[in-house]
Amino acid sequence: MTDQFLVSTDRSSKDLTGAEKPEFQNPSSLTGLDPTSDDTIELSSTEYTIVIICLILALTLGALDQSIYAVAVLAISSEFSGLQDINWISTAYFLTTTAFMPLYAQLANTFGRKPIFLLSILIFEIGSALCGAAKSMKMLVCARALAGLGASGIFGLVDIIVADVTTIRNRGLVYSFMTMVWILSSICGPIIGGLLVDHVSWRWIFYINLPLGLVIFPLVTYFLRLPSPTRGSLLVSLKTIDWIGSLILALVICSLLLAIQGGGVQFDWNSPYFISLIAVSLVLLAPSYLNSVGTFVCAFFIGASLLQNIYVPELFQVMFNDSPTISGIKIISLAIGTLVSQFVCGTITSKTGIIFPFVPIGAIFITMSCLLLGFFNQNSALWQQILCLFIAGISPGMVVNSNLVIAQEQLDGDELATTISTLNLFQVLGNAIAPAIAAAVFNDKLSTALKNGVNMGILPDQLLIRLLSDPSVARNETLINSGSPLQKVVLEGYSNALSTVFFMSVAFGVGLLISSAFLNKTRLPKKEAEEVELEV
């Protein structure tokens, strides 16, 4: 077979929002299946490789950004004295990342993938620069929200563009290859972040995005060639977008996240305000396609089950007194677990078409790792820490891309962009809601434990306030003598709070296991048109 890459670019039907999607020039593909058409865009193997490299580099931005940030949480909360508000940095980021994914899909359908993709990179770069220059926690949170707006487009459009230029059978392998690069970036991220925090400043974990963006932007500009949608005037194009629906969806998502964030802190969990926000949000977020409800629910639990990765650095730095650099090195074992499982699953899927079993098996691994982390204490051996993180890393490598490919196999090609966007929406939504719940639980447990120390006369009131705003105080021997009853009370409080969060994560693993039963269990099709060699 002479044609190398077969894709359909027909986007003429309506999307999930009901908006009319513009028709792309020539649905034959990027490979020239219809050489008689003047509108066909030919994509050689070299051009294809450059396209994949551009997407990988853009994805590297997000991977480095998230993995570097994890080891800087304590340093940031210490400088701004805001442990109680530290969760807002990630919540603001995920809030904008989640809320605008469906809108990006519509913009990409209307104006083309490339210009919207470039706009996303630009917004992300501006947000990163402002994060590094932040003078207060409020400014950092706002800048992080802007960076999330850019990341929303990057994460959503990378998957969509990959789906545009690959076949369904080989899509899993390409996603696996990209995830390997993501994992390699995640391996380097904590180490780089730890070195920057220890020897330079936490601000450079955001500034480091700038030179990488300067490289990516021109590469995408010159080498990413995709079909452009046929459209009329700007006003006509803007009318095709469901602005009202997108605004309502964004408001619903924001309301849901704010309700979770404020629950147990600003208002009671059983208050009418909280219950009404949750009820309305869940009703409006119900999936429109029942035959894909399993993949959307799985996506939510996949995002939620990644909660443990947020608290692992704090576990090492507070409970084991590790520096940010050492905790980053330990997290490498988690990334290696993901790397290994991702490669194995992607290869098996490409060769056999088998993909469904990886989701429930991955759910079992994530449940097991959460239980093990919940039983960690100061006496846990190094090999136990490494082994547990390796097990925790296996699950994302098995479930993330598998669920993504299963969702694409169930739906027609003309729904591809919006379906991928909706799937990413639910995954990021889970990744935003779970930390908000966990933060409320963690703060409540820690505050209760430390107040008990105050009541026993062991912990001074002034130190209580500092501990709640800066966890590094727990290991500050100037304020708390090592091995003293005071330090024992403090460390036990942190240990119990962290264990509660990890045990709570077990519920997300179980939810993923149950929801996987509703996924499509058939093998991916093996058609003659899809038996291709990926030259990457």
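One rule links them: number in the numbering used here = place in the sequence shown (from 1) + 14.
Yeah, the Cβ is synthetic: ideal placement off N, Cα and C, and Gly gets one too.
Predicted, not measured: the structure shown is a model, and the values here were computed from it.
**Prompt:** Looking at S461 and L477, is the spacing between their C-beta atoms short of 8 Å?
**Reply:** Using a Cβ distance threshold of 8 Å, L477 and S461 do not count as a contacting pair.
**Prompt:** Which runs of the alpha helix (DSSP H), 4 residues or longer, sit entirely within the stretch 432-499?
**Reply:** 475-483, all fully within the stretch 432-499.
**Message:** To test your reading of the DSSP string, which unbroken alpha helix (DSSP H) runs of 4 or more residues are found completely within the stretch 56-112?
**Reply:** Within the stretch 56-112, the complete alpha helix (DSSP H) runs of at least 4 residues are 59-84, 87-94.
**Asked** Can G376 and I408 be called in contact, C-beta distance under 8 Å?
**Response** Result yes, Cβ atoms of G376 and I408 sit closer than 8 Å.
**Asked** Does the beta-carbon of L78 have 16 or more other beta-carbons within 10 angstroms, so that it is buried, or is it exposed?
**Response** A residue is called buried when at least 16 other Cβ atoms come within 10 angstroms of its Cβ; L78 meets this threshold and is buried.
**Request:** Taking all protein chains shown into account, decide if D173 is buried (16 or more other Cβ within 10 angstroms of its Cβ) or exposed.
**Result:** Taking every protein chain shown into account, the CB of D173 has 16 or more other CB atoms within 10 angstroms, so this residue is buried.
**Prompt:** With 16 other CB atoms within 10 Å as the buried threshold, where does T112 fall?
**Reply:** Taking all protein chains shown into account, T112 has 16 or more neighbouring C-beta atoms within 10 Å of its C-beta and is therefore buried.
**Request:** Let me know if N495 comes out buried or exposed under the rule of 16 or more other beta-carbons within 10 Å of its beta-carbon.
**Result:** Exposure of N495 is indicated by the presence of fewer than 16 other C-beta atoms within 10 angstroms of its C-beta.
**Request:** Find out if the Cβ-Cβ distance for the pair V413, I316 is shorter than 8 Å.
**Result:** A contact, by the Cβ cut-off of 8 Å.
**Asked** Any idea what DSSP makes of D212, helix, strand or coil?
**Response** In the structure shown, D212 falls within a helical segment according to DSSP collapsed to helix, strand and coil.
**Asked** What number of angstroms, rounded off, separates the C-alpha of A106 from the C-alpha of A454?
**Response** If I take the Cα positions, the gap works out to 16 Å.
**Item:** For K535, three-class secondary structure by DSSP
**Value:** In this structure, DSSP gives K535 a state outside helix and strand, which the three-state scheme calls coil.
**Asked** With respect to the alpha helix (DSSP H) encompassing F370, which residues constitute its N-terminal and C-terminal limits?
**Response** F370 -> no alpha helix (DSSP H), and no H or E assigned at all.
**Prompt:** Can the beta-carbon of L443 be found closer than 8 Å to that of I267?
**Reply:** Going by C-beta atoms, L443 is nearer than 8 Å to I267.
**Message:** Does G388 come out as helix, strand or coil in the three-state DSSP assignment?
**Reply:** The answer is helix: DSSP assigns G388 an H, G or I state.
**Message:** Along the chain, where does the alpha helix (DSSP H) containing K344 start, and where does it finish?
**Reply:** From DSSP, the alpha helix (DSSP H) with K344 extends over 338-344.
**Item:** Whole-Å CB distance - S199 paired with F357, under 8 Å assumed
**Value:** Contact between S199 and F357 fails: their C-beta atoms lie close to 16 Å from each other, not under 8 Å.
**Message:** With a threshold of 6 Å on Cβ separation, who are the neighbours of L121 within its own chain once the five nearest residues in sequence on each side are excluded?
**Reply:** The residues are I130.
**Message:** Helix, strand or coil for L136? Go by DSSP, reduced to three states.
**Reply:** Note: L136 maps to helix in three-state DSSP.
**Item:** Span separating the alpha-carbon of L233 from that of I66
**Value:** Approximately 11 Å, taken between the alpha carbons.
**Request:** Taking all protein chains shown into account, decide if V214 is buried (16 or more other Cβ within 10 angstroms of its Cβ) or exposed.
**Result:** By the 10 Å Cβ count, V214 comes out exposed.
**Proximity to N335 [Cα-Cα], best of V487, V229, I368** = N335 has its Cα closest to that of V487, out of V487, V229, I368.
**Prompt:** Enumerated in chain order, which unbroken segments of the alpha helix (DSSP H) with a length of 4 residues or greater are wholly contained in the stretch 124-171?
**Reply:** With a minimum length of 4 residues, the unbroken runs of alpha helix (DSSP H) contained wholly in the stretch 124-171 fall at 127-146.
**Prompt:** Short check: CB of F237 to CB of S166, under 8 Å?
**Reply:** Here F237 is not near S166, since their CB atoms are 8 Å or more apart.
**Asked** Which residue's Cα is closest to the Cα of G208: I343, A157, L527?
**Response** The option with the nearest alpha carbon to G208 is I343.
**Pairwise C-alpha distance: I258 and L348** = Roughly 42 Å between the two C-alpha positions.
**Cα-Cα separation between M192 and P204, rounded to whole angstroms** = Distance between the alpha carbons of M192 and P204: 19 Å.
**Request:** Check N393 in the structure and name its three-state DSSP category.
**Result:** If DSSP states are grouped into helix, strand and coil, N393 belongs with coil.
**Prompt:** In the structure shown, what three-state DSSP assignment does T514 receive?
**Reply:** In the structure shown, T514 sits in a helix (DSSP, three-state: H, G or I).
**Prompt:** So, are the CB atoms of C359 and S416 less than 8 Å apart?
**Reply:** In this structure, S416 lies closer than 8 Å to C359 by Cβ.
**Item:** Any 3 or more C-beta pairs closer than 8 Å across the stretch 392-399 and the stretch 435-450
**Value:** Cβ pair count under 8 Å is below three, so no.
**Request:** Kindly give me the distance between the Cβ atoms of I434 and G170, rounded to whole angstroms, as I take these residues to be in contact under 8 Å.
**Result:** For I434 against G170, the beta-carbon gap comes to about 7 Å, under 8 Å, which counts as contact.
**Message:** Could you tell me the alpha carbon to alpha carbon distance between L387 and V354, rounded to whole angstroms?
**Reply:** Each residue's alpha carbon lies about 21 Å from the other.
**Item:** Candidates S530, F389, Q501, K459, of which the one nearest F516 by Cα
**Value:** When only C-alpha atoms are compared, the closest one is F389.
**Request:** Could you tell me which of K149, S142, N510, I135 sits nearest to T219, measuring between CA atoms?
**Result:** Reading the sequence as shown, one finds Ile at residue 219 and not Thr. Comparing alpha carbon positions, the residue from K149, S142, N510, I135 closest to I219 is S142.
**Asked** Going by other Cβ atoms of all chains shown within 10 Å of its Cβ, with 16 needed for buried, is S530 buried or exposed?
**Response** With 16 or more other Cβ atoms within 10 Å, it is buried.
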